[in-house]
Amino acid sequence: MSAPMATNETLPARAALDQEWRKVVNHGLLLALVLVFVSLANMPVSLDSRMIIEPMLSMGYLSLLWIPVVMGFIVSSEKVLEGIAYHAKGAREVLAGGLVGLIGGLGLSLLVVLIDNFDLRDPLVNWSPALLDLLQFGNGIGFGVIIWPVLGFGLGVFGGALHIFTAMTRTIVGWVLGAVLGIAVFETVIIDLLTERLPFEFITDWFYFIRGGLSQQGAVTAALIGGGLGYLRVLAQRGVVPTPVQDYKQLVGPERTRANTIIIITCGVATAILPLLLGRITNELLANVGLFVLLALGLNIVVGLAGILDLGYVAFFAVGGYATAILTSPNRGDSWPDWVPQSHWFAALIVVILLAILTGLFIGAPVIRMRGDYLAIVTLGFGEIIRLLFLSDWLGGYTGGAQGVTNIPGVDLGFVEIKGTDPRAIFYLVAVFCAIAIYVSWRLEKSRLGRAWMAIREDESVAEAMGINTVNVKLMAFVVGAVLASFSGAIFAAKVGSIFPTSFIILVSIVILVVVIVGGMGNIVGVIAGAAVLIGVLGGPKQPGLLAEFSEFKLLIYGALLIFMMLKRPEGLVPNVRRTRELHQEEFLQDAWLRSQVDADEQDGAPSGEVAPA
Amino acid sequence: MSDVTDTSTPLLEFRGVNTHYGAVHILKDVDLAIYPGELVCLLGGNASGKSTTLKTLLGMVTPTTGEVVLDGEVVNNKPTSYLVERGVTMVPENRRLFKRLSVKENLELGAYLRTDKDGIEEDLERIYEMFPRVKERLNQKSGTLSGGEQQMVAMGRALMARPRVLLMDEPSMGLAPALVQTNFELIQQIHEAGVAIFMVEQNANMALSIADRGWVLQTGRVVLDDTAPNLLANPDLRASYLGEGDR
Ligand SMILES: Nc1ncnc2c1ncn2[C@@H]1O[C@H](COP(=O)(O)OP(=O)(O)OP(=O)(O)O)[C@@H](O)[C@H]1O
Ligand SMILES: [Mg+2]
């Protein structure tokens, strides 16, 4: 994606027909496959009700249309290596993009014909007239067959043309698209923010159509705003206008500290004021995001810092939730003796912390000596075991089995009771605990313990050789992670008022892991941003996000994100030396080769069995 | 760097040590003794148990029978940190830096068990003096250093623990022949500063040329135990040592 660097010599553009045909066809077929898959996964139909721009573009169509653009772009993108001469991009790249789009479009045409003539609803539930109608734009079979190759070609050409745009044009196009999409996606939040307490109806009336989606004038305005911001960005890159981020990075010493203080105070004040301006639904959303930020910060310590791939993290969330529920609700399982009091949330929290530490030790101790893959699988098992225990007949008398624990009271502060019916109050409570978690993570990261975690993540046996007590230090990571997750569980219980084993399925662990990975492991700000975007927009395992229509596809998208991240930064996901070495085979072989050279030099060609690269 | 008081009792010692990995017998009745301030080397072919010897010395592997003795105290069941605290430090095979951490962080991790802030600063300075190259690259991720630079950081990291005895596992492995020479000079330099050195090497001639004494390990058994000049002159050495080479 990056433009060739100054060090690279540029060769003249190649002729338009001088294509790598095989590559073009492969990308085209892949595109066709993806488009058909997305169609049959029912994305276009179920997202069709959500408008982006009324009445031209729905999320349903968008779910198809962006793909040819991306494919048209990547078919001719190449990795730019220093010191290699590349051909300038030109008509050839545009044509390649168009052809890829054309082939992909033909795939959809074929699908249209097939749906029209055969009924495969039995194996493929989404093989429906609704899909057919949508793919024909409501204009009958002939139109449907012809329009897709045309559209595909056009979009592919656009994708390919991105290569020949100047960096400036590219930036501006990116900002325009981003602004339109962003303002459309965040519709609920923006309307809520501007109209709930503030008198800015006229702005939202301008931008949005009554039944949802941008109005046409709104879309144009959004595009203009995006274009303007993009242009500012270009100016900033050229050094014409100042860039706050660059300036910030150059600060050192006390100035940096002062800038940090200002940033922290601003964030704090914004967090305090924002909920006041927002209505119920958006505050609910924020509260959910907060719960997951808390969970993600905890898992970030375990996976990101200490490199322990814990797939059963939900267990600690469950322990926090259940312990709070049982200790505060009058409606808990009936096997409890009377001396177990029904206590205040804060009193319960102390027990929750203790229990979380115990569970951390209990789950941590047996798995801590395992490495990599084994540990992941065993923790996965523990996560399920805890949930099944809560569900079981054996503990059912205490945990309510499948009926769960209901009537959980909120947090009584004397002057106000924080409970689920008041998401704003819940958000404030979550925010306080998030602040604690952020502070703790930040301090730990800089501490001796944090260093030890990172050393273990990088190379456990060497860490041991440095004198780090790896067992204790790893247990500490488990325990800190467990406590943070249990906080989230305790707030969750007070928020939802009743909890069931189904609130704590494996999916929760997976979603938190995706948040941590996407956010960038070991990176506090990234993790918070990851949680805000993923949970806020897509939603949590059971919590709706901004794009409520996406809920069916949430898992698909989380899965796709996970795959993408793994391909992009594999050693990030399984941070274990052996894996890293496997993944960097070339370097390893290079080492082995050097070694054999040295051996041969010194031993006059004596055979050195060990170093032969297998 | 060391406070040598008595050179007549061994600093670190193996008394009839046997080590198993699962049921596999690796070290067989090994006796070793490293005296304060000495430079000794352990030779042996591939898979003869050299790395295992080091791991056992450092408490990362517990011997099945026999005793590991530090300053006259049996330390078989002590954790590695106990030995590191008392001045036993290892430069692992293949250097093994913490790749995604910076050079500085790697060095600081070497001093993990130390609490004397001033002393740590002092030692950092000393290491910068010894390896000016390292000082230029303090904030670089150590995984991106060249092999030779990595070797310097690995040695620096070990020195940060203020060792009395440095265990080095094949320090010249993977280095260009020219660097191997420099590397041995560095080892001698560290030795002259008073640190005892226990070096595992496949490069017998080089190692013996700077060592005081040496042992030859063959399938986990010590087959030769002599002074360096005697070992160099020993006609059996090459035969027994190379015999292990092709496994
Ligand atoms: N963790 C382990 N589990 C099982 N067997 C092991 C383990 N570590 C080493 N071994 C085995 O013990 C034997 C001795 O290994 P060691 O690493 O001590 O050899 P070495 O002399 O250092 O060889 P090299 O010169 O190749 O480094 C080898 O056969 C090896 O396969
Ligand atoms: Mg070895």
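In the order they appear, the protein sequences are chains A and B.
Using the working numbering, read the first sequence as starting at 1 and increasing by one per residue.
Using the working numbering, read the second sequence as starting at 1 and increasing by one per residue.
The beta-carbon is built from N, C-alpha and C at its ideal position, and this holds for glycine as well.
What does residue i reach in chain B if we use C-beta pairs closer than 7 Å?
i	result
A:G105	Those do not exist, as A:G105 stays about 44 Å from chain B at its closest Cβ, beyond 7 Å.
A:E458	F98, K99, R100, L101
So with CB distances below 9 Å, who are the chain B contacts of residue i?
i	result
A:M454	F98, R100, L101, E105, L109
A:S461	K55, M60, P92, R96
A:R451	L101, E105, E108, L109, Y112
In terms of residues, what are the limits of the alpha helix (DSSP H) holding residue i?
i	result
A:K542	Where A:K542 is concerned, there is no enclosing alpha helix (DSSP H), given that its DSSP letter is neither H nor E.
A:I146	140 to 161
A:R387	372 to 391
A:E552	Unbroken run through A:E552: none, as it is neither H nor E.
A:F362	345 to 367
A:A85	Taken as a continuous stretch (DSSP letters only), A:A85 belongs to no alpha helix (DSSP H), as it is neither H nor E.
A:R280	280 to 299
A:R443	423 to 446
B:T128	Here residue 128 of chain B turns out to be Tyr, not Thr, going by the sequence shown. From DSSP, the alpha helix (DSSP H) with B:Y128 extends over 117 to 130.
A:T204	201 to 207
B:R207	Here residue 207 of chain B is Ala; the residue named in the question, Arg, does not match the sequence. 204 to 210 is the span of the alpha helix (DSSP H), which, as asked, contains B:A207.
A:I628	Residue 628 of chain A is absent from the model: chain A starts at 1 and stops at 614.
B:A33	That residue, B:A33, is in no alpha helix (DSSP H); its beta strand (DSSP E) goes 24 to 34.
Nearest to residue i by alpha carbon, out of the options?
i	options	result
A:V479	A:D459, A:N139, A:A431, A:F317	A:F317
B:M130	B:L145, B:G119, B:K117, B:V153	B:V153
B:V40	B:Q140, B:V74, B:I210	B:I210
A:G372	A:L309, A:N26, A:R14	A:L309
A:V269	A:L538, A:Y428, A:Q216	A:Y428
A:E9	A:I491, A:V80, A:M51	A:V80
A:P330	A:I385, A:I408, A:L29	A:I408
A:I190	A:Y61, A:F73, A:L561, A:L546	A:L546
A:R211	A:A259, A:K474, A:E54	A:E54
B:L57	B:R15, B:H25, B:G22, B:F98	B:R15
B:S48	B:A204, B:R221, B:P163, B:T182	B:R221
A:S109	A:K89, A:H87, A:L151, A:V94	A:L151
A:G383	A:D422, A:G530, A:Y313, A:S392	A:Y313
B:G22	B:V61, B:G66, B:T182, B:L159	B:V61
B:G148	B:E73, B:V134, B:L175, B:R213	B:L175
A:T188	A:D205, A:W175, A:G178	A:D205
B:T89	B:L54, B:L42, B:M173	B:L54
A:P423	A:S486, A:G218, A:L285, A:A402	A:L285
A:S58	A:A560, A:I557, A:V293, A:A219	A:A219
A:V432	A:G107, A:A287, A:I203	A:A287
A:L361	A:V416, A:G401, A:K474, A:L277	A:K474
Can you list the residues of chain A that residue i reaches, using a CB-CB cut of under 8 Å?
i	result
B:V84	A465, M466, G467
B:P79	N469
Check the C-beta distance from residue i over to residue j and give it rounded, since I have them as a contact under 8 Å.
i	j	result
A:M466	B:G110	6 Å
A:S63	A:L47	5 Å
A:L214	A:I183	7 Å
B:W215	B:L224	7 Å
A:V24	A:V100	6 Å
B:I197	B:L159	B:I197 to B:L159, Cβ: 12 Å. No contact.
A:L324	A:V352	It should be pointed out that residue 324 of chain A corresponds to Thr in this sequence rather than to Leu. So it is a contact: roughly 6 Å between Cβ atoms.
A:V514	A:L534	7 Å
Closer than 9 Å by beta-carbon distance: list the chain A residues that pair up with residue i, in chain order.
i	result
B:L159	Near B:L159 there are no residues of chain A at all, since even the closest Cβ is about 12 Å away, more than 9 Å.
What residue range is occupied by the uninterrupted beta strand (DSSP E) comprising residue i?
i	result
A:N407	No beta strand (DSSP E) contains A:N407, which DSSP labels as neither H nor E.
B:T227	221 to 227
B:R213	213 to 218
B:A196	196 to 201
B:V165	165 to 169
Just to check, is the beta-carbon of residue i closer than 6 Å to a non-hydrogen atom of ligand 3?
i	result
B:S48	Absence of ligand 3 is noted for the structure shown, with ligand 1 and ligand 2 being the only ligands found.
Sufficient close CB pairs (3 or more, under 8 Å) joining the segment 185 to 195 of chain A to the segment 549 to 569 of chain A: At 8 Å Cβ cutoff, the stretches do not touch.
Within 8 Å, do at least three Cβ pairs link the segment 86 to 103 of chain B to the segment 132 to 149 of chain B? Output reads yes: the segment 86 to 103 of chain B touches the segment 132 to 149 of chain B.
Validate contact between the segment 532 to 539 of chain A and the segment 481 to 495 of chain A using beta carbons, cut 8 Å, 3 pairs: With a cut-off of 8 Å, the segment 481 to 495 of chain A and the segment 532 to 539 of chain A do not count as touching, because too few Cβ pairs lie within range.
Three or more beta-carbon pairs under 8 Å between the segment 450 to 465 of chain A and the segment 263 to 282 of chain A, yes or no? The segment 450 to 465 of chain A is not in contact with the segment 263 to 282 of chain A.
Determine contact between the segment 341 to 353 of chain A and the segment 272 to 290 of chain A, defined as no fewer than three beta-carbon pairs at a distance below 8 Å. No, the segment 341 to 353 of chain A is not in contact with the segment 272 to 290 of chain A.
At a cut of 8 Å, does the segment 287 to 305 of chain A reach the segment 439 to 446 of chain A through at least three beta carbon pairs? Pairwise C-beta distances place the segment 287 to 305 of chain A in contact with the segment 439 to 446 of chain A, as three or more of them are shorter than 8 Å.
Inter-stretch contact (C-beta, 8 Å, three-pair minimum) for the segment 111 to 124 of chain B and the segment 67 to 77 of chain B: Proximity of the segment 111 to 124 of chain B to the segment 67 to 77 of chain B falls short of the contact definition, fewer than three beta-carbon pairs being nearer than 8 Å.
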